[in-house]
Every structure is written in structure tokens, then in C-alpha cells.
Amino acid sequence: TDRAQFIRHIPKAELHMHLEGSIEPQMMLGLAKRNGLDLRWQTADALRSAYEFSSLQDFLNLYFEGCKVLVQQQDFHDITRAYLHRCATDNVLHAEIFIGPQSFTERGVTIESLMAGVLGAMDDARREDDVSSGLLISAHRHRTQADALALLDSIAPWQDRIAGIGMGGPEVGNPPSKFIDFFAECKRRGFKTTIHAGEEGPAAYVREAVELLNVDRIDHGNSALDDPSLVELLRVRAIPLTVCPLSNLRLKGVSSLAQHPLREMLQKGLFATVNSDDPPYFGGYVNENMIEVQRSLDLTRDDIVTLAKNSFRAAFIDEPEKTRYL
Ligand code: HPA
Ligand code: ZN
Numbered sequence: 017t018d019r020a021q022f023i024r025h026i027p028k029a030e031l032h033m034h035l036e037g038s039i040e041p042q043m044m045l046g047l048a049k050r051n052g053l054d055l056r057w058q059t060a061d062a063l064r065s066a067y068e069f070s071s072l073q074d075f076l077n078l079y080f081e082g083c084k085v086l087v088q089q090q091d092f093h094d095i096t097r098a099y100l101h102r103c104a105t106d107n108v109l110h111a112e113i114f115i116g117p118q119s120f121t122e123r124g125v126t127i128e129s130l131m132a133g134v135l136g137a138m139d140d141a142r143r144e145d146d147v148s149s150g151l152l153i154s155a156h157r158h159r160t161q162a163d164a165l166a167l168l169d170s171i172a173p174w175q176d177r178i179a180g181i182g183m184g185g186p187e188v189g190n191p192p193s194k195f196i197d198f199f200a201e202c203k204r205r206g207f208k209t210t211i212h213a214g215e216e217g218p219a220a221y222v223r224e225a226v227e228l229l230n231v232d233r234i235d236h237g238n239s240a241l242d243d244p245s246l247v248e249l250l251r252v253r254a255i256p257l258t259v260c261p262l263s264n265l266r267l268k269g270v271s272s273l274a275q276h277p278l279r280e281m282l283q284k285g286l287f288a289t290v291n292s293d294d295p296p297y298f299g300g301y302v303n304e305n306m307i308e309v310q311r312s313l314d315l316t317r318d319d320i321v322t323l324a325k326n327s328f329r330a331a332f333i334d335e336p337e338k339t340r341y342l
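Counted the way the working numbering counts, the sequence shown spans residues 17 to 342.
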């Protein structure tokens, strides 16, 4: 349709995408083979049929299992390059991509090979596809604050190549307040910060992220709508929300896209963006997310323009650089 074509062609940024969650089934099988690993699935179709989830934890179990195929520098390079190629086709001009090193370093993968692989692919994409990207280092919220601080020390050599620090993993039971010192230390070191909040957790977790952690963005943020004074706080402070409609649908955060809170977020003046989270697992890249949520919520052409502009405005890039896109 017209609206779908408009969405595919409009220049946009993606701000919430996990590299570990970007591995297409075919590539997952290829990486397993290359590293001499046995997977529970022998074909891409068999693997794809496992992408059915009842909750965030149910998804995370498969997501962490999939991380095992990433071993060598070249593996990190190849998945990063594949995703950034897709950005070029989708008119994603700038992408901020998460990776959670703790999944790998705990198995003996060195932080050096992880960083060299990812950063090398980002450089190649800039040169070969004119796609700009930023790296977000994500800490696990189910591990301790001491673990998160150790992660921060381990990435210090690459400080000037890192766009920001984030946090993901099982939300309920691991509130932002568990990581006050960690986020203060990230700020002290000059990092931009973001945290997954309000995906399965309550509005109170989103409030903690804003009031106790002072994060620059919130990943998801859906449950914030349950608290009117928090909505007002997010609006007044213009804190971006990186919303992921197909992720919310597949992890049962919403029962249908027609029930998705994105339209209400826009109506209430919240700084929302649309993102893919873990594209093959949830059935679409950023364009599919925008196309499907536009259809389900009957978003207008102006809404699409707002979402595209918001994606650049919310990016962790310098203001002068942003104006190139706006
Ligand atoms: N939430 C928490 N952790 C994650 C997610 C998510 O949506 N995707 C990948 N890791
Ligand atoms: Zn996420």
C-alpha cells in the first residue's frame, strides 16, 4: 500500500536492536557449523518454528542459547555486518545496536575479539553502505551490580567508540533501583545511558529509571501509561521511549497490535520511536514494525513522520550531526 511504501522509503534511525537477537536462522546454523557446535535444530525452518514465546523469560532462554554460536571475532563481525546491510536496504541511515558482553565473556570469549568484530563491521558499513551506527553495551540485570561494574571496567579501552550503556534481561524482580551505583558510575565516566523498563515490569520501574538512574532513554516504557504523573514527567523531560511493537506482541505484552499503547503514547505527547528489538525472533525489522503498527492503529502520515524524526532526535549523536538527518 501507499502507507507501507512511505514507511519503507522514509529515512529513519533504529535505536533498540540486540545483535544477539539479529541472527537469522540460516546464519545461526552456519555459525554453529563453523564453530563445531551441535544445535537442537538442523534446519532453518525447524529453528524458526521454535520462535514462539509465552513471556520475556521464555524468549530469553532461547536468546541466550543462541548466543553460544558466537565464538570468534569473525562471528561478531558477520552478524553485525548482516544487520547493517539490512539497514541500508530499509533506509535506516543510523542504527544504535546493543550487545551484552557478559553472555560471551562468561564462556571465555575475549572482550577484545567481540569488540574488534563488531566495531570492524560498523566501520565497514559506514564505508561501504554509508550506514552510520553506534554501539550500546548492555549489562544483564539478573546479574549483580558488581558484575555490571566489572563489565564497565572491561570496556574502558573502547570508551570513545561506545555510544552508550544499556541494561536488559528479565525485568520483574530486577528493578532499576538494584543498579543505582552502576548507572551513577556510567554517568561519571561520561556515557549516555538507557535501560529496558516497563516491558513486563510496572510503571514504578520506569519511574525508578528516570528518578533514581537519570537515564537518557527508556527501552520499551509501555507500562508508564498506567501512571499519569509519570507520563507527565516523561513528556516534560522529553525522555525518548524505544518502543518495539512486534516484540510486545510476540512476548505477550499486548494481545494484539490493535491494543498496542503506541498511539496513546503519541497522543499524550510522549517521545516515542519504533524499533525491532530482535528482528528474526519477533517477525520483522523496523519497517515491518512500523508498517504493522501503522495498520493496526491506523496511524496517520504525520504520525509516521513524527516517529521517523523522533528516531533521529533521540539518537545518541551530536546535535550538529543530527541536523543532517532532520
Ligand atoms: N527485554 C529484555 N532483555 C532483552 C530484550 C528485551 O526485550 N531483548 C533482548 N534482551
Ligand atoms: Zn530489547
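Think of the CB as a built atom: it goes at the ideal place given N, C-alpha and C, for glycine as much as any other residue.
Query raised in the report: For G150 versus I113, is the C-beta spacing smaller than 9 Å?
Result: At the C-beta level, G150 and I113 come within 9 Å of one another.
Query raised in the report: Would DSSP call V226 helix, strand or coil?
Result: V226: helix per DSSP, three-state reduction.
Report task. Out of R64, E40 and T126, point me to the one whose CA is closest to D94's CA. Result -> The shortest Cα separation from D94 among R64, E40 and T126 belongs to E40.
**Report entry** K268 (DSSP reduced to helix, strand or coil)
**Finding:** Under the three-state reduction of DSSP output, K268 falls in the coil class, being neither helix nor strand.
Query raised in the report: For F332 versus A179, is the C-beta distance shorter than 9 Å?
Result: Taking 9 Å as the Cβ cut-off, F332 and A179 qualify as a contacting pair.
Query raised in the report: Skipping 5 residues on each side, what residues in its chain have a beta carbon closer than 7 Å to that of S148?
Result: Excluding residues within five positions, the ones whose Cβ falls inside 7 Å are L109, H110 and R142.
Query raised in the report: CB G237 to CB G214, shorter than 9 Å?
Result: Contact: yes.
Report task. Select from E248, C202, R205 and G206 the residue whose C-alpha is nearest the C-alpha of R223. Result -> Comparing C-alpha distances from R223 to each of E248, C202, R205 and G206 shows the shortest one belongs to E248.
Query raised in the report: When you compare only the Cα positions, how much space is there between L55 and Q275?
Result: Each residue's alpha carbon lies about 36 Å from the other.
**Report entry** Distance, H212 Cα to C103 Cα
**Finding:** Between C103 and H212, the C-alpha separation is close to 23 Å.
**Report entry** Helix, strand or coil at M102 according to DSSP, with G and I counted as helix
**Finding:** Here residue 102 turns out to be Arg, not Met, going by the sequence shown. In this structure, R102 counts as helix in the three-state DSSP scheme.
Query raised in the report: How would you call L28, buried or exposed, if buried means at least 16 neighbouring beta carbons within 10 angstroms?
Result: The amino acid occupying residue 28 in the given sequence is Lys; Leu does not appear at that position. Buried.
Query raised in the report: Going by the beta-carbon positions, is the gap between L250 and R279 smaller than 9 Å?
Result: No, Cβ-Cβ distance for L250 and R279 is not below 9 Å.
Requested in this report: Would you mind stating whether S129 and Q88 have Cβ atoms separated by less than 9 Å?
Outcome: A contact, by the Cβ cut-off of 9 Å.
**Report entry** Member of A98, K84, R64 and Q118 whose CA lies at the smallest distance from the CA of R157
**Finding:** If you compare the alpha carbons of A98, K84, R64 and Q118 with that of R157, the shortest gap goes to Q118.
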